[in-house]
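Only one structure is covered here, and it is reproduced in the block below.
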DNA sequence: CCTTGACCTTCCCACTATGGGAATCCCCAT
DNA sequence: ATGGGGATTCCCATAGTGGGAAGGTCAAGG
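Chains as they are written, first to last, in the UniProt record's numbering: chain A, 1 to 160; chain B, 1 to 160.
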């Protein structure tokens with residue numbers, strides 16, 4: 001099986017296959033005499049595992065852990081669960097942050113006439129205009145503050 | 001006002017000030033004889049505007065638009081509102097996506113004993129193990145599929 | 001046998017925003 | 001004059017992913 005076939009069989013792009021190998025998420029693939037990478041059905045299984053984990057938003061680092069546990073028959077399910085729980089916590093933090101932004105922006109948009117006139121509460125708010133800050137829309141202000149930015153959410157954060 | 005003072009007054013790091021200038025979000029700052037950038041109170045206003053917009057998760061591109069509208073007395077509030085609404089839609093898409101991931105992962109974690117035994121439904125699911133795929137936890141499956149990845153959410157997606 | 005096209009290889013670049021750090025220079029106070 | 005703090009530019013790194021160029025390979029058909 002060459003890289004294209006492994007890619008098609010796993011749903012992971014050939015580009016990513018090479019990348020995962022490079023960063024050590026996958027062991028170095030065997031090569032044909034001509035230098036082509038060779039994959040087995042077992043490799044494809046691992047790739048599918050990785051792809052599903054990516055679909056759940058897990059970072060490459062966490063996936064490394066999970067793949068390690070997966071291939072370790074001595075693992076304890078507690079270890080696996082911990083990794084999952086950590087990721088859920090990060091997802092929660094991210095969701096909270098985005099939701100706070102969304103709420104604020106939605107309220108501002110709701111307050112905007114959206115007509116031909118230049119008057120606009122959205123701009124007014126961004127201007128920091130209202131002299132008493134406590135009257136600005138804030139909605140769990142701290143959550144979306146720069147420092148509050150949660151730990152890394154991976155791939156899905158990048159526009160395709 | 002030099003770059004450090006403008007940074008302190010606006011909450012935007014000096015590094016970002018230079019970057020914003022480089023990418024054209026800010027006009028090129030005037031310089032002293034020695035090459036130091038010089039900022040006015042008006043510049044600081046713009047910087048605060050930008051910072052607040054970033055706090056709401058708006059991309060640099062959208063902020064460019066908003067700053068343009070902000071400084072245009074002929075603007076229509078409808079234009080501003082449209083930009084805001086677009087961003088809300090992207091936030092919604094992202095939130096949906098993350099929520100779907102979260103739900104799936106939470107269910108898997110709930111189903112995991114989390115003890116010393118190796119048996120683990122999380123790994124089992126990632127394996128794609130269950131022969132009948134419709135029994136796998138999915139929860140709005142399409143939403144978190146790669147193709148479903150929403151349009152770009154900016155900065156906050158990056159781990160500090 | 002040779003061409004053609006599909007595939008593989010490596011290497012570099014781009015993206016989003018942001019931070020870190022080095023080398024060098026400037027300004028002000030002692 | 002000297003020292004410290006700040007400014008300048010330039011390069012690098014991040015997390016994943018895609019795009020593309022330049023060149024080698026393989027298989028099928030003429």
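The C-beta atom is built at its ideal place from N, Cα and C for all residues, glycine as well.
In the displayed model, residue 73(A) falls within coil according to three-state DSSP, outside both helix and strand. Judged by DSSP secondary structure, residue 121(A) falls within the alpha helix (DSSP H) whose first and last residues are 121-126. Nearest to residue 113(A) by alpha-carbon distance, out of 108(B), 93(B) and 79(B), is 79(B). Bridge partners of residue 29(B) according to DSSP: none are assigned. Contacts between residue 106(B) and chain A, judged by CB atoms closer than 7 Å, involve 88 in chain order.
With a threshold of 8 Å between beta carbons, residue 73(B) makes contact with chain A. Taking 8 Å as the CB threshold, residue 32(B) stays off the interface with chain A. The beta carbon of residue 23(B) lies closer than 8 Å to those of 60 in the same chain, with the five residues before and after it left out.
Annotation note: the region 81-121 of chain B contains no uninterrupted alpha helix (DSSP H) run of length 4 or greater.
The CB of residue 119(B) comes closer than 7 Å to the CB of 77 in chain A, given here in chain order. Under the DSSP definition of a beta bridge, residue 54(B) lacks any partner.
In the DSSP secondary-structure assignment, residue 38(B) is bridged to 30(B).
Interface annotation, residue 57(A): in contact with chain B, CB-CB separation under 8 Å. Counting only the Cα atoms, residue 116(A) lies some 12 Å from residue 82(B).
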